[in-house]
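Participant: Have a look at this one before I ask anything.
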Amino acid sequence: MPIVSNGIQNSTDSPSSSVASSQPKAYRTGNTTVMLREGQTLKGVVSDVHSDQITLVMEDGTAFTGRLPDAGQYSIGQKAAFKIVSLDQNTIYMKAVSTSYLLDMEDTIDQALEEAGLPKSARNSDVVRSLLMNQQSISRENLLSSIRLCATYPDADVNSVITLRRLGLPLTPENLAQFEQYENNDHSLLDHFAQITDSIGDLMNAIGTQVPRLSGQTAGQLLNLALSSSLTPEEQALKEAQAAASEAQTEAAAQEGEGSDAPENAEKAPANAADAALSGETEVSSSPFSRMKQIFSSLTDGASAAKAALSETGLAKDYKVPFIHEQVGFSLSPEEREAFHSLLSDLPLPEELTTSLQEGTLTTRDFLTAVRQALPRMSSEQAAGLLSSPAFQRLVKDQFLSNWTLSPEKLKQKGAVEELYQQISSQVDKLSHFSQDVFGKNLFENLQQQTTQTNQNLNFMKLLNDTYQYVQLPVKLQQQNAHGDLYVMTRKESLRRHPDSLKALLHLDMDHLGSLDIHIIRENTSITTKFFVDEKDTLQLLEKNINLLQDALNEQGFSFSSEFSMKEKDFNLVNDFMNAEAPVGTIARYNFDLRA
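Residues in the sequence shown are numbered from 6 upward in steps of one, following this note's numbering.
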């Protein structure tokens, strides 16, 4: 707090200060009144840091609290020197002074251990260093309790233990491991999903090639699980459009020669059906996440459209462009579809279905559903050949990935995030017991290990979400899946006063575009964004295509402005979000039950 004058005119100077020639002013600290001047230098030990306020205890025990722009870079227990630049309205304004008087971090650590009578071992030094970095007391009592606590988790990083305790999160080996992954930006659920689906492919290949008699049972169980999800908005739109086109074509054929305008209607029908299917129920809620969802949808759509523009330039062309994620053509190249079609010719599957697969227009869900229905009519050899086929493995893996990702359109729907995580949790949990359930014993420890790690990631994210406005969003964009992190920075009390004012950060990791940090400020119907990118080419591409995002937000009734900059550092969950004053325990919770 600012130190105020009591009006006593006493010309005593502190022995730990350098005197300047400006007019002195009297300030009371505790039971002592001292005279301070602008230009005077105060030297001592930092005893408290809060926002831009810092408290300094001088050699004679006198303590002063003043304002310092870079207060956050100092740690409790650190020696420092500050020059008084202004004494205004009973407040001390200071700036840092570079002087040989100051001790560096290592000197402070040695001094703390020496005064506590503790050995200067590497681990003890790490404990003191972590306490200083976390702005915790380095008293002998706190040092001893912290050293004992860290000894309970000998395999964990000392700083992780101290930081997790300060944040009030439960200390367990699993939480410590996950905390370190999140701190190192190694927490992507998409990476876990890729490892799980790779393990599924390995399992399918092993059964198909080594235990063919179990191929039918294995395929059936996997397909039951992979298909235990509802249609995505994109699948529904595709089916509606195809049905409307078929109906219009039938009507056109019936009216042929009568001069009707059926062809025009047929052309319009698919688009109308698609629009109807994609309109969906949108969520109306007061939670910050709900308010960000439509903006997030437009941002991810805009970034994805920029990537699509890149594809059109010829720099990133691939066979996926004409298809949506849920179609076979997105997963398999024309050559792979041709080879797979030859394999399927010996299986009891409808020719119309295999032809659609060959063209790539068939949805993966429809193909896998047909295979599941045909399995009882397949011999063990046929099922084994199918199970060990790389193309079939890819389709099964991609169906799981589709189940575990969220398109921007789906995100607009009420309860979409909760539904996604319930589905992920349920399917991952069942996969962890898959080998035991199917074979009576665990033959594939790698799959179980990957699902266990994924569950630990999910559980830790829920733990974070109980306190912080953060959620990880594995998103399904036009031509790729992308890792997303959404952080809402607005404080709860501020949100109550200004319900239409929000600050958030969206982090996206995308192929070709790289890593994007998008800072978002919403004030009523005005949205301001700042894009921070890794690559100059990405910056230029986004600038060129920003009108796509602007048009989408304008249609929603928002005015929009944007800035673009090269990224100077990566956003860190712990340092830039959890350690920030705003989110800690102050914003409305956005709970989703991962185990419901």
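Glycine residues also receive a C-beta, built at the ideal position from the N, C-alpha and C atoms.
Could you tell me if P238 is buried or exposed, where buried requires 16 or more neighbouring beta carbons within 10 angstroms of its beta carbon?
Facilitator: buried
Participant: Counting only the same chain and skipping the five closest in sequence on each side, list residues whose C-beta sits under 6 angstroms from that of A76.
Facilitator: Contacts found: V54, D57 and I59.
Participant: Does the structure place the stretch 518–531 close enough to the stretch 370–380 that three or more beta carbon pairs sit under 8 angstroms?
Facilitator: no
Participant: When we look at the beta-carbon of K415 and count the other beta-carbons within 10 Å, is it buried (16 or more) or exposed?
Facilitator: buried
Participant: Looking only at its own chain, which residues have a Cβ that is under 8 angstroms from the Cβ of S19, when we skip the five neighbours before and after it?
Facilitator: Interpretation of S19 is limited by its pLDDT of 41, a score under 50 that renders its predicted location unreliable; the figure taken from the coordinates is listed afterwards. For S19, where only same-chain residues beyond five positions count, the Cβ hits under 8 angstroms are V39, L47, M63, D65 and T67.
Participant: For the alpha helix (DSSP H) that F397 lies in, which residues bound it at each end?
Facilitator: P395 to N408
Participant: Is the beta carbon of S336 closer than 8 angstroms to that of G213?
Facilitator: no
Participant: With distances taken between CB atoms, is the gap from K125 to V102 smaller than 8 angstroms?
Facilitator: no
Participant: Within a Cβ cutoff of 8 angstroms, which residues of the same chain sit near K325, ignoring the five residues on either side of it in sequence?
Facilitator: G334, F335 and Q484
Participant: Report the residue from L452, M466, D539 and S407 whose alpha carbon sits nearest the alpha carbon of Q183.
Facilitator: Per the Cα distances, M466.
Participant: Find out if the Cβ-Cβ distance for the pair L92, E146 is shorter than 8 angstroms.
Facilitator: Going by C-beta atoms, L92 is not nearer than 8 angstroms to E146.
Participant: If you draw a straight line from the alpha carbon of F397 to that of L236, how long is it in whole angstroms?
Facilitator: 20 angstroms
Participant: The beta strand (DSSP E) with E528 in it runs from where to where?
Facilitator: G519 to E528
Participant: Using the C-alpha atoms, what's the distance from S80 back to M138?
Facilitator: 6 angstroms
Participant: Out of L169, L181 and G221, which one is the CA nearest neighbour of R377?
Facilitator: Comparing Cα-Cα distances from R377 to each of L169, L181 and G221, the minimum goes to G221.
Participant: On a CA-only basis, which of L348, N460 and D196 is nearest Y426? Give me that one, please.
Facilitator: N460
Participant: What are the uninterrupted segments assigned as alpha helix (DSSP H) that are 4 or more residues long and contained completely in the stretch 142–225, given in chain order?
Facilitator: 145–157, 163–172, 178–188 and 194–215
Participant: Using 8 angstroms as the Cβ pair cut-off and three pairs as the minimum, do the stretch 167–184 and the stretch 404–419 touch?
Facilitator: At 8 angstroms Cβ cutoff, the stretches do not touch.
Participant: If you draw a straight line from the alpha carbon of H488 to that of V90, how long is it in whole angstroms?
Facilitator: 47 angstroms
Participant: By how many angstroms is the C-alpha of A388 removed from the C-alpha of R382?
Facilitator: 10 angstroms
Participant: DSSP on I329, reduced to helix/strand/coil?
Facilitator: coil
Participant: Using the rule of at least 16 other Cβ atoms within 10 Å of the residue's Cβ for burial, across every protein chain shown, is K402 buried or exposed?
Facilitator: buried
Participant: Assign K481 to one of two classes, buried (16 or more other C-beta atoms within 10 Å of its C-beta) or exposed (fewer than that).
Facilitator: buried
Participant: When we look at the beta-carbon of S5 and count the other beta-carbons within 10 Å, is it buried (16 or more) or exposed?
Facilitator: Here the chain comprises residues numbered 6 to 601, so residue 5 is not present and cannot be evaluated.
Participant: For a quick check, are the C-beta atoms of Q432 and S233 less than 8 angstroms apart?
Facilitator: yes
Participant: Look up N486 in the DSSP assignment and give the residues it is bridged to.
Facilitator: K481
Participant: Near F576, what residues of its chain come up, given a Cβ to Cβ distance below 7 angstroms and the 5 sequence neighbours on each side ignored?
Facilitator: Result list for F576: L510, H512 and D522, in chain order.
Participant: Below 8 angstroms on the Cβ atoms is my guess for V493 versus L478; work out the distance and round it to an integer in Å.
Facilitator: About 12 angstroms; that fails the 8 angstroms criterion.
Participant: Measuring straight from C-alpha to C-alpha, what distance separates F537 and A421?
Facilitator: 28 angstroms
Participant: Quick check on this structure: which residue in N189, L195 and S165 has the alpha carbon closest to the alpha carbon of L181?
Facilitator: Per the C-alpha coordinates, the member of N189, L195 and S165 positioned closest to L181 is S165.
Participant: Can you give me the C-alpha to C-alpha distance between Q215 and A156, rounded to a whole angstrom?
Facilitator: 47 angstroms
Participant: Tell me the start and end of each unbroken beta strand (DSSP E) in the stretch 43–110 that is at least 3 residues and wholly inside, in chain order.
Facilitator: 46–55, 58–63, 68–72, 84–93 and 96–101
Participant: If you draw a straight line from the alpha carbon of L546 to that of S567, how long is it in whole angstroms?
Facilitator: Cα-Cα distance, rounded: 14 angstroms.
Participant: For N229 and T223, what's the separation of their Cα atoms in angstroms?
Facilitator: Near 10 angstroms, if we compare the C-alpha coordinates of T223 and N229.
Participant: Could you have a look at S384 and say whether DSSP puts it in helix, strand or coil?
Facilitator: coil
Participant: Grouping DSSP H, G and I as helix and E and B as strand, with all else coil, what is P275?
Facilitator: No answer about P275 holds up, because its pLDDT of 33 lies below 50 and its placement is not dependable.
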